[in-house]
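Asker:
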Amino acid sequence: MFTETQANEAMDLLAKAVADGSLPERGAALAADYRLARQVLDRASVGIAVFDSALRYRYVNQALSVVNGVAVADHLGRRIVEIVPGINVDEAEGALREVLADGRPRSITVEGTTGSGRPGRLRWWHNAYHRVEGEAGAAAVAAMVVEITEDRRIMRALHRARSRLALLDQAATRIGTTLDVQKTCEEMAHLLVPGLADLVIVDMLDLERLPAPAGPVRLRRLALSAVPALREVGAVFGAQGAVVEAQPFSGVWRCLDEQRPVVSNFPDDGELRGLARGAEHVGRFRELGMHSVCYLPLTAGAEAIGAVLLVRAHGTTSFTDRDVALAGELVARAAGAIGNAQRYTEQRDAAMLLQRALLSTRTVPHPDVECVGRYLPSGSGAEVGGDWFDSIALPDGTTMLVVGDVMGHGLDAAASMAEYRSTVRTLAFQQLPPEEVLGQADRAAQILELERMATCLVAVLDPRDGTAVCGSAGHLPPLVVTGRGENVLLDLPVGAPLGAGAGPYTSRRVELPANSAFLLYTDGLVERRGEDIEDRLNALAALPLDARAPLDRLLDTVLSRLATEDVEDDVALLVARGRR
Numbered sequence: 045m046f047t048e049t050q051a052n053e054a055m056d057l058l059a060k061a062v063a064d065g066s067l068p069e070r071g072a073a074l075a076a077d078y079r080l081a082r083q084v085l086d087r088a089s090v091g092i093a094v095f096d097s098a099l100r101y102r103y104v105n106q107a108l109s110v111v112n113g114v115a116v117a118d119h120l121g122r123r124i125v126e127i128v129p130g131i132n133v134d135e136a137e138g139a140l141r142e143v144l145a146d147g148r149p150r151s152i153t154v155e156g157t158t159g160s161g162r163p164g165r166l167r168w169w170h171n172a173y174h175r176v177e178g179e180a181g182a183a184a185v186a187a188m189v190v191e192i193t194e195d196r197r198i199m200r201a202l203h204r205a206r207s208r209l210a211l212l213d214q215a216a217t218r219i220g221t222t223l224d225v226q227k228t229c230e231e232m233a234h235l236l237v238p239g240l241a242d243l244v245i246v247d248m249l250d251l252e253r254l255p256a257p258a259g260p261v262r263l264r265r266l267a268l269s270a271v272p273a274l275r276e277v278g279a280v281f282g283a284q285g286a287v288v289e290a291q292p293f294s295g296v297w298r299c300l301d302e303q304r305p306v307v308s309n310f311p312d313d314g315e316l317r318g319l320a321r322g323a324e325h326v327g328r329f330r331e332l333g334m335h336s337v338c339y340l341p342l343t344a345g346a347e348a349i350g351a352v353l354l355v356r357a358h359g360t361t362s363f364t365d366r367d368v369a370l371a372g373e374l375v376a377r378a379a380g381a382i383g384n385a386q387r388y389t390e391q392r393d394a395a396m397l398l399q400r401a402l403l404s405t406r407t408v409p410h411p412d413v414e415c416v417g418r419y420l421p422s423g424s425g426a427e428v429g430g431d432w433f434d435s436i437a438l439p440d441g442t443t444m445l446v447v448g449d450v451m452g453h454g455l456d457a458a459a460s461m462a463e464y465r466s467t468v469r470t471l472a473f474q475q476l477p478p479e480e481v482l483g484q485a486d487r488a489a490q491i492l493e494l495e496r497m498a499t500c501l502v503a504v505l506d507p508r509d510g511t512a513v514c515g516s517a518g519h520l521p522p523l524v525v526t527g528r529g530e531n532v533l534l535d536l537p538v539g540a541p542l543g544a545g546a547g548p549y550t551s552r553r554v555e556l557p558a559n560s561a562f563l564l565y566t567d568g569l570v571e572r573r574g575e576d577i578e579d580r581l582n583a584l585a586a587l588p589l590d591a592r593a594p595l596d597r598l599l600d601t602v603l604s605r606l607a608t609e610d611v612e613d614d615v616a617l618l619v620a621r622g623r624r
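Residue numbers (our numbering): 45 to 624.
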């Protein structure tokens, strides 16, 4: 096919022939139409080309010449791969062959790089092909090429924005679902893979092994998540729970020291050796295409509490500033949840320590009374409660049995429990009846300005005549396990909880059958969400309990039947049996 210069020369010859009468006027009209058509094609703002049956360029306009960065004349007689090898050539030529074969028009999107524009800049074009018939039945394919790079960039930016919002939205619902530090770290790692990285590791500062000044930083590995292709090397980074060391001036060390992201796209072997904890793994890392790493600090307030490592491998781009900003926002959200979990754990541990210290105080029943107590923390992950039990031998030969439950949970509840327990123990030695013990304990709570109320059951057991005098401050009734194979829930007058200031209290004397067991408990044993408390108390009374069995075994039976995995509150139990 002619170039534009050759066509213009031909048109000049045709015009001369018309002028001297050697060409009919019909031919002159055709020549004028041809020149007009060429001007339309040559000056079009979109790229236009014609390919012959061997997929060689026969015609290229100036617009496509500019796109390809190759002169018009240099296109002619050459194939696409020789002009723009940086695009998806196989797909383009495949579409051209199909159009030649069946004559059906086709459209494809071509992407890649050409000789024009910024080197290495990825671009996109929409190509439309249709077949044209040449002389003697020879076929060719006409192509129209429209660049859509800017549209694609806008669409990709919108997709990134939607993905960013989706990740942030997921972070709000998937991170921090519990108050468990390790679980929260695992939730964060699973969210970041594969959305932002192919491998994520979460390390927390090992507070039990504080680093020496300017020395290695010791961290405990709490979570690791990876795409399937990288899971095989996960063990190289250390097992979950292992203590690892970050050497001075390493990526993670600088991230913690400066409390800012540290990004290394295309890290050298030295940095990969630090990741792998050994030079023997560097080659494998290279094979897997691990090309970019990003360290992000986990901070709570102004203090660093850990670090997050993100790794990218084959098929992903290196970390951009936008990626690092998004990852930093997600990690900051997770850090808040982790900080909350850490504070909760510290308070729970302190409350548990206080409660266990108090409950470990040796109870001293009368020699003629056999007692066994048991405390069971909740299995739901809730905070520690304020449950307690006590048995106190009194000078007159009786034994005071006490079970109580401070309302609420946490360190405050455990501290209030200590106050109530100490008050009741002090009053016990004054040998006051249960109703007066409860009344004075209630007044003491008012004087001490205890913020939390407590339910409490006080029973004075006399093994000599087999009786018990019982008073209740809002507490559930005790259970008498008779020697005749019957269980009886005592019907007692119930007053207001301690601390409510709503006394007075009354008590009731009950006779206990010979060889019977007397069971006191807190509400965690029987209360269940969505179930009627009366039904649960009836279930307790219906248990097959043997009053003559060892008391430890009796408690084991009660707990195995009622204190299952769905226990939502702490449980305290105290069982007593008189020796006659």
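Even glycine gets a Cβ: it sits at the ideal position worked out from N, Cα and C.
These figures come from a predicted structure and were not determined experimentally.
So, helix, strand or coil for Ser516, using DSSP?
Answerer: When secondary structure is reduced to three states using DSSP, Ser516 falls in the strand class.
Asker: Smallest Cα separation from Ala283: which of Glu315, Val306, Val246 and Leu316?
Answerer: Among Glu315, Val306, Val246 and Leu316, the Cα nearest to that of Ala283 is on Val246.
Asker: Say the cut is 8 Å; is the CB of Thr470 nearer than that to a heavy atom of the ligand MG?
Answerer: Among the ligands in the structure shown, none appear at all, so the ligand MG cannot be discussed.
Asker: Apart from the five residues just before and just after Asp134, which ones in its own chain have a Cβ nearer than 7 Å to its Cβ?
Answerer: none
Asker: Taking the continuous beta strand (DSSP E) assigned at Phe433, which residues delimit it?
Answerer: Per DSSP, Phe433 belongs to the beta strand (DSSP E) from Gly429 to Ala437.
Asker: Any contact between the stretch 520-531 and the stretch 551-563? By contact I mean 3 or more CB pairs, one from each, below 8 Å.
Answerer: yes
Asker: Is it right to say Glu566 is buried, meaning 16 or more other beta carbons lie within 10 angstroms of its own, or is it exposed?
Answerer: The residue asked about is misnamed: residue 566 is Thr in this sequence, not Glu. Counting Cβ neighbours within 10 Å, Thr566 comes out buried, since at least 16 surround it.
Asker: Would you mind working out which of Gly543, Pro548 and Leu533 sits nearest Val554, comparing C-alpha positions?
Answerer: Leu533
Asker: How would you call His358, buried or exposed, if buried means at least 16 neighbouring beta carbons within 10 angstroms?
Answerer: exposed
Asker: Have a look at Ala558, Ala267, Gly547 and Leu140 and flag the residue whose alpha-carbon is nearest the alpha-carbon of Gln490.
Answerer: Gly547
Asker: State the beta-bridge partners of Thr153 as determined by DSSP.
Answerer: His170
Asker: Are the stretch 144-163 and the stretch 107-121 in contact at 8 Å, needing three or more beta carbon pairs?
Answerer: yes
Asker: Verify whether the separation of the beta carbon atoms of Gly295 and Val306 is less than 9 Å.
Answerer: yes
Asker: Consider the Cβ of Glu530: report whether some Cβ of chain B lies at a distance smaller than 9 Å.
Answerer: Of the chains in the structure shown, none is chain B; there is only one protein chain.
Asker: CB-CB under 8 Å to Arg204, same chain, minus the five flanking residues each way: which ones, in chain order?
Answerer: Answer for Arg204: Arg366, listed in chain order.
Asker: Grouping DSSP H, G and I as helix and E and B as strand, with all else coil, what is Arg605?
Answerer: helix
Asker: Skipping 5 residues on each side, what residues in its chain have a beta carbon closer than 8 Å to that of Gly130?
Answerer: Gly156, Thr157 and Thr158
Asker: Tell whether a beta-carbon distance below 9 Å holds between Gly372 and Ile349.
Answerer: Judged by their CB atoms, Gly372 and Ile349 are not nearer to each other than the 9 Å cut-off.
Asker: Based on the DSSP output, what are the partners of Asp247 in its beta bridges?
Answerer: Arg265 and Ala351
Asker: Given this structure, state the Cα-to-Cα distance separating Arg122 from Tyr173, to the nearest angstrom.
Answerer: 18 Å
Asker: Out of curiosity, what's the CA-to-CA distance linking Tyr103 and Asn309?
Answerer: A straight line joining the alpha-carbon of Tyr103 with that of Asn309 spans about 44 Å.
Asker: Less than 9 Å between the beta carbons of Phe95 and Val185, yes or no?
Answerer: yes
Asker: Given Gln484, which residues of its chain have a CB within under 6 Å of its CB, disregarding the five upstream and five downstream residues?
Answerer: Leu471
Asker: Give every residue of the same chain whose Cβ lies closer than 7 Å to the Cβ of Gly147, excluding the five residues on either side of it in the sequence, and list them in chain order.
Answerer: Arg175
Asker: Measure the beta-carbon distance from Ala517 to Cys500 and round it to whole angstroms, keeping in mind my assumption that it falls under 8 Å.
Answerer: 5 Å
Asker: Please report the straight-line C-alpha distance between Leu618 and Cys299, rounded to a whole angstrom.
Answerer: 54 Å
Asker: For Phe293, does the count of other Cβ atoms within 10 angstroms reach 16, so buried, or fall short, so exposed?
Answerer: With fewer than 16 other Cβ atoms within 10 Å, it is exposed.
Asker: Within the same chain, show all residues whose beta-carbon is closer than 8 Å to that of Ala256, passing over the 5 residues directly before and after it, in chain order.
Answerer: Reliability of the predicted coordinates at Ala256 is poor, the pLDDT of 47 falling under 50, and the value obtained from them is presented with this limitation in mind. Nothing meets the Cβ criterion.
Asker: Going by alpha carbons, who is nearest to Leu595 out of Thr608, Ala586, Arg623 and Ala583?
Answerer: Arg623
Asker: Quick one: residues in its chain with C-beta nearer than 6 Å to the C-beta of Ala503, no 5 flanking neighbours on either side, listed in chain order?
Answerer: Leu445, Ala512 and Cys514
Asker: Starting from Asp506, trace the beta strand (DSSP E) in both directions and tell me its first and last residue.
Answerer: Ala498 to Asp506
Asker: Tell whether a beta-carbon distance below 9 Å holds between Val413 and Ala620.
Answerer: Yes, the pair counts as a contact, with Cβ atoms nearer than the cut-off.
Asker: Between the stretch 428-442 and the stretch 460-475, can you find at least three pairs of beta-carbon atoms closer than 8 Å?
Answerer: yes
Asker: Within 10 Å of its beta-carbon, does Leu556 have 16 or more other beta-carbons around it, so buried, or fewer, so exposed?
Answerer: buried
Asker: State yes or no: is the C-beta of Ile92 within less than 9 Å of the C-beta of Val189?
Answerer: Judged by their CB atoms, Ile92 and Val189 are nearer to each other than the 9 Å cut-off.
Asker: What do you reckon, are the CB atoms on Ala591 and Leu581 nearer than 9 Å?
Answerer: no
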